[in-house]
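Residues 19 to 332 in this note's numbering are what the sequence shown lists, from first letter to last.
Reading through the structure tokens given below for one structure.
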Amino acid sequence: MTGFVPPPYPYDRLAPVIDAARGHDGGAVDLSIGTPCDAPPAVVLEAMASSNAERGYPASIGSPAYREAASRWVARRLGAEVGPEHLAACVGTKEFVAGLPHLLKLRRPDRDTVLYPAVSYPSYEMGAILAGCRAVAVPVDEHWRIDLSAISAQDAARALCLWVNTPGNPAGGLDDLGAAAAWGRAHDVAVFSDECYVEFTWNGPRRTILSHGLDGVVAVHSLSKRSNFAGARAGFYAGDPELVEYLSEIRKHQGLMVPGPVQAGAIAAWDDDAHVDAQAQIYRSRLERLIGQLARLGVDASMPEGAFYLWVPA
């Protein structure tokens, strides 16, 4: 076979190791992927079951009710204002992350670089590769926060976008989103902020890049972790009016749509905070218990600033 050959999928590379671990006493403790193990809230499942939307094609950008619910959630939980007209649905957020560079390159063919945190989710890099772009990892500091000062002038001049991830996966750091927005505007680079773990912020208030104005920034959110809804694939992106409109128009042509019953469940999820507050307490308790167990084994681990992972020395 000639042409592009994708690298092995990260979790496929881990499969033989996990299989080997299952052969040991006690079996495997699989920490390889952050998939929810708790049930989605009943209100979400009830809304899906009672939906009558499955017969028609859903709007690619999401129904008005879907976008209004997401807009309400941003205001209520994150303290930022973004109207439903500057917000659109995505099929979870992984497809958005992986597909974004290709769409941005069509818009700005003179640029060819995607900037992303050096310690991060693999799809930022893979999205760049799939678009034929340069994937440039930006160093992080001792607190696992992206170091904007480490971006060279040459890379900034070639950048299609900068990805930030707050709270970060896997290290749980909290970036200075105001600084990221300002850097993007100063260098004419769109900044995309992956905020899928924002409800699980342990150090200070929840934060969004949308609090620093919409110009040149887009926030990306998902129900996969927030509401244990990973199997349904529901999220949204919101921010810069021109960017959101551009991406939404292309995505219509691609046929990327969140199914109607899933949108119904998502509306119930965005409008309900009680289940998220309960889930946050569960994750905090699990993290604290694991930190204690690791300490007894002589492993130095501390509470992350956010998310539900522990990033510790091997």
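By construction, the Cβ of each residue, glycine as well, lies at the ideal position given by its N, Cα and C atoms.
Predicted model only: the values in this text are computed from it and were never measured.
Next item on the list: Could you check what DSSP says for Phe247 in three-state terms: helix, strand or coil?
Entry: Coil, per DSSP.
Check: Can the beta-carbon of Val294 be found closer than 8 Å to that of Arg251?
Finding: Contact: no.
Margin query: Buried or exposed for Pro135, going by 16 or more other Cβ atoms inside 10 Å?
Written below: The residue is buried, with at least 16 neighbouring Cβ atoms inside 10 Å.
Item checked: Buried versus exposed call for Gln297 [16 or more other C-beta atoms within 10 Å across all chains shown] -> Counting Cβ neighbours within 10 Å, Gln297 comes out buried, since at least 16 surround it.
Item checked: Residue span of the beta strand (DSSP E) that contains Arg152, given as start and end -> Arg152 to Val156 is the extent of the beta strand (DSSP E) around Arg152.
Check: Which residues mark the beginning and the end of the beta strand (DSSP E) in which Asp27 is found?
Finding: What sits at residue 27 in the sequence shown is Tyr, not Asp. For Tyr27, no beta strand (DSSP E) run applies, since DSSP gives it neither H nor E.
Notebook entry, point to check: Leu192 and Ile227 look like a contact to me (Cβ under 8 Å); what is the Cβ gap, rounded to whole Å?
Noted result: Going by Cβ atoms, the distance from Leu192 to Ile227 rounds to 12 Å, so no, they are not a contact pair.
Checklist line | Cβ-Cβ separation, Pro102 to Pro82 (assumed contact under 8 Å), whole Å | finding: That pair is a contact at about 7 Å.
Checklist line | Whole-angstrom distance between Ala313 and Leu178, CA atom to CA atom | finding: Leu178 and Ala313: Cα-Cα distance of roughly 43 Å.
Note to self: I'd like the span of the beta strand (DSSP E) that includes Val236, first residue to last.
What the structure shows: Secondary structure note for Val236: its beta strand (DSSP E) is the uninterrupted segment Val235 to Ser240.
Margin query: I need the straight-line Cα distance from Tyr264 to Glu99, nearest angstrom please.
Written below: Approximately 20 Å between the Cα atoms of the pair.
Item checked: Gly324 to Ile300 span [Cα, whole Å] -> Between Gly324 and Ile300, the C-alpha separation is close to 14 Å.
Next item on the list: Please work out which residues of its chain come closer than 6 Å, Cβ to Cβ, to Glu86, disregarding the five sequence neighbours upstream and downstream, and give them in chain order.
Entry: Answer for Glu86: Pro102, listed in chain order.
Checklist line | Rounded straight-line distance, which links the Cα of Pro34 to that of Trp181 | finding: C-alpha separation (whole angstroms): 31 Å.
Item checked: Gly190 versus Pro322 - alpha carbon distance -> C-alpha separation (whole angstroms): 5 Å.
Item checked: Where Asp173 sits in the DSSP three-state scheme -> In the structure shown, Asp173 sits in a helix (DSSP, three-state: H, G or I).
Checklist line | Ser229 in three-state terms, based on DSSP | finding: In the structure shown, Ser229 adopts helical secondary structure according to DSSP, grouped into three states.
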